[in-house]
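Input: a single structure, listed below in structure tokens.
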Amino acid sequence: MTSLWLDAREASAAASPDEFMPGNSYDAVVVGAGITGLATALMLARAGSSVLVLEARHIGAVNTGNTTAKLSLLQGTTLSRLRDQYSVNVVRAYVDANRAGQKWLLEYLEGRGVPFQYRDAYTFATTPTGAEHLVAEANASRACGLNVKSTRETGLPFDVDAALRLAKQAQFNPMDVLDALAADVRAAGGSIVEGIRVMNVRNGDPLTVVTRKGEVRARNVVLATGTPILNRGLYFAKLRPNRSYAAALRLPDGINPPPGMYLSAEPPTRSLRDYPMPDGGSLLLVGGFGHAGGRAPSTQVHVNELLGWAQQHYPGAEVTHTWAAQDYQAGNLMPFFGRLPRGHGKIFFGTGYNKWGMTNGVAAALDITADIRGEKPEWARTIHHRITGARGAASTISLNVETQQQNFRDKAALKKKPAITEETSPAEGTGVTGLFHGKPAAICTVDGVVCRVSAECAHLGGILHWNDAEKSWDCPLHGSRFSAAGKLLEGPATHNLFKLQ
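In terms of my numbering, the sequence shown is residues 607 to 1107.
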């Protein structure tokens, strides 16, 4: 499964022109080349800092290259859910942060000539319960200064019980944005090296950034990965990994995609937007039908449900791409960004954007850059000094109880499964776990190749689950993911899986 954005880019993307130089020193090392990492790197480089971006795979490999790329301040029912936990001043600060991120990125795209489209954003409800949620969302949005309108006219091919509309939001191809940012980072004197995985950051003056290919030093380090790769602050325990799916559809002649950007107010999540093709015509992008990362009995079922829903409303549509993305939601719903605990004020991070990384990711970059330079936006001060209420604390506790219960169930179930032997050979495209010479093992067959790896996640030892849609091993605890052969793809883990002989 490859996203529309990455598939279109792979044919023309050049190899990283920058060389990794062990022993070098920098003002800032940014870990991760998604929207947060590259925006932060550009801001710092333009401010005169020497900047190195280290990307374990390739630019846009994880969240940003698989997003639906909506740059919107209307974000489903996010504001009303935040309002359930926080004062209106804190929720307004969240909106101000997203508005600042949106403004910076739109000005950048306009100035750089990167294609984007203005679209009205809609949150729609197809049930009475969803319509009730929209009343709360409208109240929270208006209290924060957003001019949302209630409507039932959406341009969708099905009736809705209610909808909210916010005019003149935006959408784009995220890889166009990342490629422009990367080029400008280099033009400003920064370096971007792909294929270098950061394993650790040691405190000191300067900091030492440890990779598989050597060490570099930095006055400041920015962790711009989907979830922090350092366990300081235990943010992996404060985040819920959510995996969702997307598809690009070519509609039959005479049928056009709906004119806005859309998100449902109730589950299952359903998302729609169009994509104007560079050579003419438009595709319809649909998404949603997600689940907690690593916990779906069959991920392919979720993909099929998404495609079935799309075919129901757009019969005859041709599927050109299907893909998946993983987002992280904080137990208290508010994104985390700023200084990492026990980093002596020199390690920064951003995470927990809860599917709204195009605005939140740039907001995090603005805050981190300002903090490094000795400044602080007012909205950031409010967010950083918020007090998490009982509901947010209870949600985080519940998240960790669920995780521990999952871990206990998986380890107990593993002992009851048939033992894996040298002769075990799963059917093509399938994977199984069991004990192999007394050790937890994961074995799968992909493209005719049988792979045996440890079934214990390289992060904290959770028992991995087979992802039948993407042919990967996914951890149900904190969201680390590995290829069929055990290569680390994403998550808080920093090592590949052990191979079993």
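Heads up, the beta-carbon is just placed ideally off N, CA and C, and yes, glycines get one too.
Less than 8 Å between the CB atoms is what I'm expecting for residue i and residue j, so what's the real figure, rounded?
| i | j | result |
| --- | --- | --- |
| THR957 | TYR841 | 6 Å |
| ASP933 | ASN960 | 6 Å |
| ALA727 | MET867 | 5 Å |
| HIS1071 | GLY900 | 5 Å |
| SER656 | GLY795 | 7 Å |
| ASN938 | THR994 | 5 Å |
| LEU1020 | PRO983 | Contact flag wrong, Cβ pair sits at about 48 Å. |
| SER1031 | VAL1056 | 6 Å |
Output the boundary residues of the beta strand (DSSP E) element that contains residue i.
| i | result |
| --- | --- |
| MET883 | Here MET883 belongs to no beta strand (DSSP E), and DSSP marks it neither H nor E. |
| GLU800 | 797 to 800 |
| HIS897 | 888 to 898 |
| VAL1059 | 1055 to 1060 |
| VAL815 | 813 to 817 |
| ALA1048 | 1045 to 1052 |
| PHE626 | Here PHE626 belongs to no beta strand (DSSP E), and DSSP marks it neither H nor E. |
| LYS1077 | Taken as a continuous stretch (DSSP letters only), LYS1077 belongs to no beta strand (DSSP E), as it is neither H nor E. |
| THR1039 | 1037 to 1042 |
Could you spell out the range, first to last residue, of the alpha helix (DSSP H) harbouring residue i?
| i | result |
| --- | --- |
| PRO780 | 780 to 793 |
| GLU716 | 694 to 718 |
| ILE989 | 984 to 990 |
| ASP914 | The question names Asp, but residue 914 in the sequence shown is Gly. That run of the alpha helix (DSSP H) goes 905 to 919. |
| ARG652 | 641 to 652 |
| THR684 | 684 to 689 |
Using the C-alpha atoms, what's the distance from residue j back to residue i?
| i | j | result |
| --- | --- | --- |
| THR674 | ARG979 | 32 Å |
| TYR851 | ASP811 | 43 Å |
| GLN918 | LEU912 | 10 Å |
| ARG803 | LYS819 | 8 Å |
| ALA970 | ILE641 | 10 Å |
| LEU677 | ASN966 | 10 Å |
| PRO903 | ALA776 | 35 Å |
| THR735 | PRO873 | 11 Å |
| LEU890 | LYS774 | 19 Å |
| ALA1136 | LEU715 | In the structure as shown, the chain starts at 607 and stops at 1107, and residue 1136 therefore has no counterpart that could be examined. |
| VAL827 | VAL637 | 8 Å |
| GLY643 | ALA930 | 21 Å |
| GLN862 | SER888 | According to the sequence provided, residue 862 is Asn. The question's Gln does not apply to it. Going from the Cα of ASN862 to the Cα of SER888 covers about 8 Å. |
| VAL799 | ARG1015 | 41 Å |
| ALA614 | VAL668 | 16 Å |
| VAL754 | LEU685 | 12 Å |
| TRP915 | PRO1082 | 26 Å |
| LEU770 | ALA647 | 36 Å |
| PRO947 | ILE953 | 8 Å |
| LYS844 | ASN1006 | 8 Å |
| THR585 | GLN681 | Residue 585 lies beyond the residue range present for the chain, which begins at 607 and ends at 1107; the question has no answer from this structure. |
| ARG758 | GLY896 | 26 Å |
| GLU1034 | LEU1103 | 21 Å |
| LYS1017 | TRP985 | 44 Å |
| VAL1059 | LEU679 | 43 Å |
Which partner residues does residue i have in the DSSP bridge list?
| i | result |
| --- | --- |
| ASP933 | ASN848 |
| GLN777 | LYS676 and GLN723 |
| GLY820 | THR817 |
| TRP1072 | TRP1079 |
| TYR728 | ARG771 and TYR868 |
| LYS755 | ARG771 |
| SER877 | LEU869 and GLY893 |
| LEU658 | VAL635 and SER797 |
Specify the secondary structure class of residue i as computed by DSSP and reduced to three states.
| i | result |
| --- | --- |
| GLY1092 | coil |
| ALA746 | helix |
| SER1001 | helix |
| THR928 | strand |
| MET964 | helix |
| GLY956 | strand |
| HIS1105 | Residue identity check: residue 1105 is Lys in the sequence provided, not His. Strand. |
| PRO734 | helix |
| ASN806 | strand |
| ARG901 | coil |
| HIS664 | coil |
| GLY944 | strand |
| LEU939 | coil |
| ASP765 | coil |
| ALA923 | coil |
| ASN1013 | helix |
| VAL741 | helix |
| ARG856 | strand |
| ARG615 | helix |
| ASN1006 | helix |
| ALA1019 | helix |
| LEU1066 | coil |
| ALA634 | strand |
| LEU840 | coil |
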